Structure formats: C-alpha cells, structure tokens
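Single-structure report; data block below.
Numbering (the working numbering), first residue to last: 1 to 212.
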C-alpha cells in the first residue's frame with residue numbers, strides 16, 4: 001500500500017514542518033486537495049501554495065482537483081510541481097481531453113468518482129488513465145466517516161484493472177480500522193487525513209497503512 005497523507009489535515013500555521021515530518025515518517029506521496037467551493041462545499045488552496053511547497057520534499061505530489069473546470073488549470077498545476085493530477089469524472093471538462101492534457105504536461109492522470117457515481121462512468125477511461133480514485137466520503141471536508149458501502153465498487157474496479165498495472169486509490173475515512181478493508185478490496189494507494197496528521201505517532205500511523 002502506498003500512503004498519501006492529505007495536507008488538508010495538517011496544521012497550516014506550520015506547513016513546512018508538517019510536510020517535512022510526514023516525509024521523514026515514511027509517507028510515499030503528498031495528497032493535495034484543491035477545492036474551488038463550487039464543485040464541492042469547501043475552498044482550500046491553489047497553484048501558488050502548490051508551487052511554494054514543492055521545494056520542501058521529493059515526495060510525489062498527488063493533486064486531487066475538486067473543481068468545476070480542471071482542464072483549464074492542468075498546465076498551471078503541472079508547472080507548479082504536480083506529479084499526479086486527478087480530476088473528477090463529474091466535472092465539466094471532457095475526460096479524454098483532460099487526461100490527454102495531463103499527459104502532455106508530463107504528469108500522470110487520475111480520474112475520481114464521487115460515492116454516488118456508478119463505476120460505469122469511468123470505465124471508458126480506465127485504459128487512458130494511470131489511476132482511478134474511489135471516494136469513500138463525499139468530497140469537501142476531512143474528518144468524515146468511511147462509507148463501507150463503496151467496497152463493492154472498489155472490488156469491481158479492481159477486477160476491471162486486473163493485469164493493467166493501474167493505481168487504485170481510496171480517499172475518505174481511511175485509518176487503522178478501515179485500511180484492511182480497502183486493501184482486501186483492491187486499493188493500492190490510500191489517502192490518510194486525520195488518521196495520519198492527527199496521530200501522536202505519525203510514523204506508526206503510516207507504517208500501519210504500509211502493512212497492507
């Protein structure tokens with residue numbers, strides 16, 4: 001299991017220390033939730049913040065764009081230092097064009113699905129994308145409860161991706177009590193928010209994810 005701690009759960013008054021600490025504690029990626037307040041009910045951060053923290057770590061920058069028109073901002077986020085750029089199938093951007101743009105900008109492409117979106121919506125793009133993200137909470141805020149009823153969707157996605165060397169990411173309510181479940185159903189990248197940044201021992205929290 002690759003571990004991608006969500007910066008949204010960090011202490012933003014000491015962002016440099018937070019990033020360097022989770023890096024030292026063994027995190028593989030850094031999950032960056034970019035929310036525009038329109039696609040999902042929260043406003044987080046954008047290109048300037050991503051650019052300003054890029055030099056702090058060599059971790060993979062795993063951008064999750066919860067915005068209405070991701071295609072418009074792909075190039076800017078790529079230049080800011082993104083490695084993965086994941087957008088939502090429910091956004092207004094054409095999925096194929098968006099994936100092509102992400103690849104043209106030198107990044108890997110992910111496609112995300114909200115809990116209420118059927119897996120069929122992303123099936124035409126599985127071969128084009130590098131990663132599929134199954135949301136296990138409604139997008140917007142950290143700290144929500146894990147939606148166990150998303151596991152059949154995750155398991156079905158895993159079956160569709162068999163032999164295709166794809167990243168299958170889960171995001172929302174992932175912690176020590178749910179990591180085994182998502183691993184058993186096919187996830188190989190887990191986003192952890194409060195379970196990592198809120199842990200007394202962050203290295204142990206990350207190691208807990210890595211055991212699966």
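Glycine included, every Cβ here is placed at the ideal spot set by N, Cα and C. Please read all numbers here as calculations on a predicted model, not as lab measurements.
Own chain, CB closer than 6 Å to residue 141, minus 5 neighbours either side, in chain order: 42
Cα-Cα separation between residue 11 and residue 18, rounded to whole angstroms: 7 Å
Sequence ranges, alpha helix (DSSP H) only - wholly within the stretch 25 to 56, length at least 4: 47 to 53
Limits of the unbroken alpha helix (DSSP H) element including residue 95: 95 to 104
Cβ-Cβ distance between residue 30 and residue 61 below 7 Å: yes
Contact under 7 Å by Cβ, residue 99 with residue 129: The answer is yes: Cβ separation under 7 Å.
Cα-Cα separation between residue 283 and residue 4, rounded to whole angstroms: This structure cannot speak to residue 283, because the chain is shown only from 1 to 212.
Residues near residue 44 in its chain [Cβ-Cβ closer than 7 Å; skip 5 each side]: The beta carbon of residue 44 lies closer than 7 Å to those of 8, 33, 34 and 35 in the same chain, with the five residues before and after it left out.
Counted within 10 angstroms of its Cβ, other Cβ atoms place residue 64 as buried (16 or more) or exposed: buried
Residue 107 vs residue 126 beta-carbon contact at 7 Å: no
Sequence-distant residues of its chain with Cβ nearer than 6 Å to residue 170 (five each side left out): 134, 136, 182, 187 and 190
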